[in-house]
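So the sequence shown is residues 1 to 144, counted in my numbering.
Built from N, CA and C at the ideal position, the CB exists for glycine as well.
Notes for the one structure printed next.
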Amino acid sequence: MAAERTLAIIKPDALEKGVIGQIVNRMEENDLKVVAMRMMQLSKEKAEGFYAVHKDKPFFGELVTFMTSGPVVVMCLEGKDAVAKWRTVMGATDPSKAAEGTVRADFGTDIQCNATHGSDAAETAKQEIAYFFENSDIVKYEWN
Ligand code: IDP
Ligand code: MG
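Below is the structure:
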């Protein structure tokens with residue numbers, strides 16, 4: 001079966017906590033292979049475009065301020081059922097409601113500062129990966 005890809009972002013709150021490595025570890029432990037990875041400071045425009053689906057939500061302005069408050073790590077992950085799997089490994093949006101042992105339960109702070117992003121469907125994953133990466137940025141290697 002062809003591997004699926006998803007977009008993950010390690011958000012500014014997680015960088016502030018110094019847990020990039022621990023989050024990448026959760027990916028690897030769950031057979032989610034990093035096939036592209038970049039550290040960057042999002043501009044206001046880039047963050048607004050990424051979260052355009054939420055532009056009418058009351059939290060949109062705050063979300064953009066948070067996502068531009070410090071650098072992020074943007075990653076493309078590959079693996080079987082990568083979209084759903086990364087959502088499961090991350091846990092619920094609100095860390096206080098996220099299942100025990102999930103990334104958001106362990107490293108998130110609140111419903112806004114929740115450590116990571118993950119695409120919500122295969123189609124959105126394609127769009128989100130293309131929003132940050134060229135095809136040539138995505139590498140191939142064997143593991144396991
Ligand atoms: P998701 O990241 O679990 O897919 P979404 O509903 O798509 O959750 O929301 C996108 C991001 O917006 C969340 O990860 C979180 O950072 C922020 N967010 C979601 N709901 C709220 C809220 O009620 N207040 C503040 N920020 C929120
Ligand atoms: Mg979402």
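From the options, residue whose alpha carbon lies closest to that of residue i
i: residue 76; options: 144, 21, 86 and 143; result: 86
i: residue 67; options: 104, 112, 106 and 25; result: 112
i: residue 44; options: 104, 6, 60 and 98; result: 60
i: residue 137; options: 80, 51, 35 and 19; result: 35
i: residue 69; options: 11, 128 and 3; result: 11
i: residue 110; options: 93, 51 and 133; result: 93
i: residue 6; options: 129, 97, 135 and 134; result: 129
i: residue 132; options: 19, 18, 16 and 39; result: 39
Residue i vs residue j beta-carbon contact at 9 Å
i: residue 13; j: residue 101; result: no
i: residue 27; j: residue 74; result: no
i: residue 23; j: residue 115; result: yes
i: residue 63; j: residue 54; result: yes
i: residue 8; j: residue 118; result: yes
i: residue 91; j: residue 72; result: no
i: residue 4; j: residue 106; result: no
Range of the contiguous alpha helix (DSSP H) that encloses residue i
i: residue 78; result: No alpha helix (DSSP H) contains residue 78, which is instead part of the beta strand (DSSP E) from 72-79.
i: residue 33; result: Here residue 33 belongs to no alpha helix (DSSP H); instead the beta strand (DSSP E) covers 33-40.
i: residue 47; result: 44-50
i: residue 134; result: Careful: residue 134 lies outside any alpha helix (DSSP H) and carries neither H nor E.
i: residue 65; result: 60-67
Residue range of the unbroken beta strand (DSSP E) whose run includes residue i
i: residue 118; result: 116-118
i: residue 6; result: 4-10
i: residue 24; result: From DSSP, residue 24 is part of no beta strand (DSSP E) but of the alpha helix (DSSP H) over 20-29.
Cβ-heavy atom distance, residue i to the ligand NAP, below 8 Å
i: residue 94; result: Among the ligands in the structure shown, the ligand NAP does not appear; only the ligand IDP and the ligand MG can be found there.
Inset, instruction - Check whether the segment 82-96 touches the segment 19-33, taking contact to mean three or more Cβ pairs, one atom from each stretch, closer than 8 Å. - result: yes
Inset, instruction - Would you list, in sequence order, the uninterrupted beta strand (DSSP E) runs of no fewer than 3 residues that lie entirely inside the segment 81-124? - result: 116-118
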